[in-house]
Structure formats: C-alpha cells, structure tokens
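*Asks:* Structure in structure tokens, see below.
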Amino acid sequence: MTATGSGPDARQGPKLVLSDDEWRRRLDPQEFEVLRRAGTERPFTGEYTDTKTEGVYQCRACGAELFRSTEKFESHCGWPSFFDPADSDAVILRPDDSLGMRRVEVLCANCHSHLGHVFEGEGYPTPTDQRYCINSISLRLVPSQT
17 MTATGSGPDA RQGPKLVLSD DEWRRRLDPQ EFEVLRRAGT ERPFTGEYTD
67 TKTEGVYQCR ACGAELFRST EKFESHCGWP SFFDPADSDA VILRPDDSLG
117 MRRVEVLCAN CHSHLGHVFE GEGYPTPTDQ RYCINSISLR LVPSQT
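Numbering (the working numbering), first residue to last: 17 to 162.
Here you go:
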C-alpha cells in the first residue's frame, strides 16, 4: 500500500472547497471535529459499527460514494471496517505520523474530509488484506432499494 494509493493524489486539492464557516454551517460540531479536524469518534459508539444494512456509504460532508456494504466486514475494532473502497478514486491515502506511530489516513477524494485510517497485514480473511477503519460519523448509509 502506498501513501497515495492508486487513487487521486491529496496534493491535487479537493473538488469541493468550502471555508471553515461554510463547513460549520453544513456539519454539526462533532461531524466538523472528525471530518474537518481529523478527530476520532469513541470506539463502539458509531451508528454503523455493527449495521448489516445493504447499501452505499457516502461521505457525510459532501455525499460522494465511498464504500459499499458488500465490502464491509466485522473486525470487532470498534469502528466500521471495509476491505476496499467503492472505487479506487473514491479515497485518498496519505501518511499520518500523529500519535507517535506511522499510519495511513483515509480522506474523501471529493472534499478531502477525514474518514479514518487504513491498515494492512492484520490477517483478516478479506480479498485485500486491508482494513479501512472508518468513523461512522464520516459516513451516511443510503440503503439499497429492494
């Protein structure tokens, strides 16, 4: 896994650009803290941690399609986990050396909102051997029409 992945490069800039004031009008304070300030919701508290509903997970900030329920799996880590984004260009990966460790941050490619982190080589039985550990508050689930 490379820091920029196979999708778009974070240096190219977001397609949707808003000021902090505009983001604050769109998002509640907790959403703003996670999506725009790279915060993290507490584990096992998020709306989508254990959901099995089929559908598409969109960026809560801009509505871009990020993940599908078919790529969601139970990792028991406290946050929703996916083994692959919906599209290779849906997310941007960039190095994150905060908290005294090397991680890879996951951003929405459309608006550059913080989603979570991706880890690999943890041994989960998934096709990619990756775990996109995503904050529920960064997502909005649009259930499939049946």
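Beta carbons are placed, not taken as given, at the ideal position from N, Cα and C, and that holds for glycine.
Could you tell me if Ser129 is buried or exposed, where buried requires 16 or more neighbouring beta carbons within 10 angstroms of its beta carbon?
*Replies:* Within the sequence shown, the letter at position 113 stands for residue 129. Buried, by the Cβ-count rule.
*Asks:* How many Å lie between Leu32 and Phe89 at the Cα?
*Replies:* Numbered from its first residue, the sequence shown carries residue 32 at position 16. Numbered from its first residue, the sequence shown carries residue 89 at position 73. Cα to Cα, the separation comes out at about 30 Å.
*Asks:* Runs of 3 residues minimum, wholly inside the region 66 to 120: which ones carry the beta strand (DSSP E) assignment?
*Replies:* The region 66 to 120 contains these whole beta strand (DSSP E) runs: 71 to 75, 81 to 84, 107 to 112.
*Asks:* Run the CB neighbour count on Pro96, radius 10 Å, all protein chains shown included, and call it buried at 16 or more, exposed below.
*Replies:* Your numbering for residue 96 matches position 80 in the sequence shown. Buried, because 16 or more other Cβ atoms sit within 10 Å of the Cβ of Pro96.
*Asks:* Here's a check: name, in chain order, each residue in its chain whose Cβ is nearer than 7 Å to the Cβ of Gln46, leaving out the five neighbours to either side.
*Replies:* Numbered from its first residue, the sequence shown carries residue 46 at position 30. The residues are Ile153.
*Asks:* To which residues of the same chain is Asp37 closer than 7 Å at the C-beta, ignoring the five residues directly before and after it?
*Replies:* What you label residue 37 is simply residue 21 of the sequence shown in a count that begins at 1. Nothing listed; no residue qualifies.
*Asks:* Let me see if you follow: with CB-CB separation under 7 Å, is Glu81 close to chain B or not?
*Replies:* Among the chains in the structure shown there is no chain B, since it carries only a single protein chain.
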